[in-house]
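Notes follow once the structure below has been shown.
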Amino acid sequence: MVYGLLEDFHGEKPSRIFRLGTKKEKKFQKKDTLRQEVLNSHFLDNLHIYVVRERKLRREERQKRRESKDSSKQHMVTENIETVDAENEQQDGEKIASNTGDAPNITHLVDTSSSDIAGTTDSNNNNDKKTEELPEEKI
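Be aware that the sequence shown starts at 85, since it is given in the numbering used here, and climbs by one per residue.
This is the structure we're talking about:
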């Protein structure tokens, strides 16, 4: 029969002497492999449970971030709408003031209807507008 030596982790002294190939050793190996398979299956089951749990937590975190980002975008949109409304009201007020002649920036009004009289009408030319605003000359 063949004898084998099992040594400690450091390999200093033999911890067990056994015969290879006996029924007892094969039974021990089977039990050991079964035990290892059971440990592996428990480990894999626990690992699977852990992975599923982590995926669920990450999914929930992403969903929360999306919701907070969406709510912040909605908040920004409402603020933008309010500022645009305020700007539109201000521009409307300026247009009304310029139409009444109260605007201080307009100094000269030039008649551009002479091109209509000469018979040179261009479709790209804005003939509806009869006056042009000239910038104020700075001294």
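Quick reminder that beta carbons are idealized off the backbone N, C-alpha and C, glycines included. Nothing here was measured: the structure is a model prediction, and the numbers come from that model.
Point to revise | Three-state secondary structure (DSSP) of Leu118 | key: helix
Practice item. Please list, in chain order, all residues of the same chain as Asp116 whose beta carbon is under 8 Å from its beta carbon, the five residues on each side excluded. Key: none
Review point. Straight-line CA distance for Arg142 to Gln175?
Key: 48 Å
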